[in-house]
Amino acid sequence: MRITSLLSASALALASVTAAQAQDSSDPIVIPTHNWSSQIVMSHVVGQIFESMGNSVEYVSTDSQAVYESVRLGDVTLELEVWEGAFGPAFEAAMEKGGLHDVGDHNAVTREDWWYPMWTKEACPGLPSWEALNECAALFATPETGDKGRFLGGPVDWLKHDQERVDALGMDFVVVNAGSASALWAEVGSAERDRRPVVIFNWTPNFVEALYPGEFVEFPEYVDGCKDDPAVGPNPEMTYDCGNPANGYLKKAAWDGMEEKWPAAYATLKNISFTNPQIAEMAKLVDIDELEPEDAAAEWLEQNEAIWKPWVDGGA
Ligand code: TMO
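Structure representation (structure tokens):
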């Protein structure tokens, strides 16, 4: 009798501790959005998951490099797409200062680099080697770039250091930065009509792979140090003489204070893991199907309950 009541008393105490821990703050969880579609849709997918758990959520559109400083300071709560190629250095620098941490990887392999639609290779058959691309530079010349080839890079905040790479490898190319991701897709679309050779910045997972067969240019392989140590890579005097990682990570990051303030949402965030096809699908819902990001997220959640519901139920 005594043992039973003792047991149930401690079971009760345990239950109430668990309940107290699972109580999330009513303050909004602040989720940053950037300038490419999968990240915006994924942010709304996760935001709507948090709302389904009773949390309140606020979205802020932010610079994709400066966001790591904002997460570190707790001004925004988390970041859902930390791409190794574009954001690895900013993420790692912020972690060294302290205030944010790695909440684990998505089940995805990423690559971000110079890319061409397949018809380009008919005009420049030595592709995908970067040396072959460079020998074909004149094929990519435009009035804007004179006798050099034009490489259409992404918006500047993705900080790809393309010009440094062109300089370090002695390439006959001029880097032009697109104002938006959609300007990249417009370039491929207009080149398709007369099968004009183009080389642009692209990445995977993305919707593009379903629409245009293509390949990444093969640069000298990425190795640690090539972005900051001149001695590393084929040019002993310059940095950035390599491609981006061909098997890059895609991580989630959170403000260190998130777990204490929103323990249930944090537990769910830890469980969240999207795959390459799921991420490409999120981009497709906006870039091909032309849904608004909120609606794309709602649609994704409706079609994929079996994937995300266990992240919530198993989350506490
Ligand atoms: C960061 N991005 C996926 C656009 O390369």
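Using numbering that gives the first Met the number 0, you'd call the opening residue of the sequence shown number 0 and step up by one each time.
In this text, a Cβ means the ideal position worked out from N, Cα and C, and glycines have one as well.
On a predicted model such as this, the values are computed, not experimentally measured, just so you know.
Euclidean distance between Cα positions of Pro292 and Tyr58: If you number the sequence shown from 1, residue 292 lands on position 293. If you number the sequence shown from 1, residue 58 lands on position 59. Their Cα atoms are separated by approximately 12 Å.
C-alpha gap between Arg164 and Phe49, whole angstroms: Position 165 of the sequence shown holds residue 164. Position 50 of the sequence shown holds residue 49. Answer to the nearest angstrom: the Cα atoms are 41 Å apart.
Sequence-distant residues of the same chain with beta carbon closer than 7 Å to Ala107, five excluded per side: In the sequence shown, the residue the question calls residue 107 occupies position 108. Here the set comprises Pro204, Leu249, Phe273, Thr274, Asn275, Ile278.
Where Trp113 sits in the DSSP three-state scheme: Stepping through the sequence shown from its first residue, residue 113 is reached at position 114. Of the three classes helix, strand and coil, the one that applies to Trp113 here is strand, per DSSP.
CB of Trp113 within 7 Å of CB of Val231, strictly: Within the sequence shown, residue 113 is the residue found at index 114, counting from 1. Within the sequence shown, residue 231 is the residue found at index 232, counting from 1. Contact flag unset, no.
Completely contained beta strand (DSSP E) runs for the region 168-243, where each covers 3 or more residues: 172-176, 198-203, 213-215
Exposure label - Ala65; buried when at least 16 CB within 10 Å: Here residue 65 is taken as the residue at index 66 of the sequence shown, counted from 1. That one is exposed.
Nearest-angstrom Cα separation, counted from Leu72 out to Lys269: In the sequence shown, the residue the question calls residue 269 occupies position 270. In the sequence shown, the residue the question calls residue 72 occupies position 73. Those two C-alpha atoms are separated by around 20 Å.
For Ser15, three-class secondary structure by DSSP: As a first step, residue 15 must be located in the sequence shown, where it is residue number 16. Note that Ser15 has pLDDT 46, beneath the 50 cutoff, so the model's placement of it is unreliable and the number below is only indicative. It is helical.
Coil, strand or helix - Val108 by DSSP: Mapped onto the sequence shown, residue 108 falls at position 109. Here Val108 sits in coil by DSSP.
Status (buried if at least 16 other CB within 10 Å, exposed otherwise) for Glu259: Here residue 259 refers to the residue found at position 260 when the sequence shown is read from its first residue. Answer is exposed; the Cβ neighbour count stays below 16.
Ala85: CB within 6 Å of a non-hydrogen atom of ligand 1: Within the sequence shown, numbered from 1, the residue matching residue 85 stands at position 86. Within the cutoff, so yes.
The beta strand (DSSP E) enclosing Ile28, as first and last residue numbers: Taking the sequence shown and counting its residues from 1, the one referred to as residue 28 is at position 29. From DSSP, the beta strand (DSSP E) with Ile28 extends over 28-32.
Collapsed DSSP secondary structure at Thr274 in the structure displayed: Position 275 of the sequence shown, counted from the start, is the residue given in the question as residue 274. The answer is strand: DSSP assigns Thr274 an E or B state.
Check whether Ser37 and Met281 have beta carbons under 7 Å apart: Within the sequence shown, residue 37 is the residue found at index 38, counting from 1. Within the sequence shown, residue 281 is the residue found at index 282, counting from 1. Yes, Cβ-Cβ distance for Ser37 and Met281 is below 7 Å.
Classification of Ala316 by the beta-carbon crowding that lies within 10 angstroms, buried from 16 upward: Residue 316 cannot be examined here, being either before or after the span of the chain that is shown, 0 to 315.
Separation of Ala89 from Ser181, as counted between CA atoms: For the purposes of this step, residue 181 is taken as the residue at position 182 of the sequence shown. For the purposes of this step, residue 89 is taken as the residue at position 90 of the sequence shown. The straight-line gap from Cα to Cα measures roughly 24 Å.
Nearest neighbour of Leu168, chosen from Asp101, Phe218, Asp288, Ser55 [CA to CA]: Locating residue 168 in the sequence shown gives position 169, counting from the first residue. Looking at the Cα atoms, Phe218 is the closest of the given residues.
Of the residues Ile287, Thr119, Ala137, the one placed nearest Pro212, counting alpha carbons only: By one-based count along the sequence shown, residue 212 stands at place 213. Checked all of Ile287, Thr119, Ala137; the closest Cα to Pro212 is Thr119.
Distance CB(Val44)-CB(Ala296) smaller than 7 Å: Within the sequence shown, numbered from 1, the residue matching residue 44 stands at position 45. Within the sequence shown, numbered from 1, the residue matching residue 296 stands at position 297. Going by C-beta atoms, Val44 is nearer than 7 Å to Ala296.
DSSP state of His43 mapped onto helix, strand, coil: The residue given as residue 43 occupies position 44 in the sequence shown. DSSP places His43 in helix when its eight states are reduced to three.
Trp254: first and last residue of the uninterrupted beta strand (DSSP E) it sits in: Within the sequence shown, numbered from 1, the residue matching residue 254 stands at position 255. That run of the beta strand (DSSP E) goes 249-254.
Three-pair Cβ contact test at 8 Å for the region 184-200 versus the region 147-162: yes
C-alpha distance - Leu126 paired with Leu132, whole-angstrom precision: Position 127 of the sequence shown, counted from the start, is the residue given in the question as residue 126. Position 133 of the sequence shown, counted from the start, is the residue given in the question as residue 132. Distance between the alpha carbons of Leu126 and Leu132 is about 6 Å.
Leu72 - containing alpha helix (DSSP H), residue span: In the sequence shown, the residue the question calls residue 72 occupies position 73. Looking at the DSSP string, the run of the alpha helix (DSSP H) that includes Leu72 is 66-72.
Simplified DSSP assignment, three categories, for Trp35: The sequence position of residue 35 within the sequence shown is 36, counting from 1. Coil at Trp35, not helix or strand.
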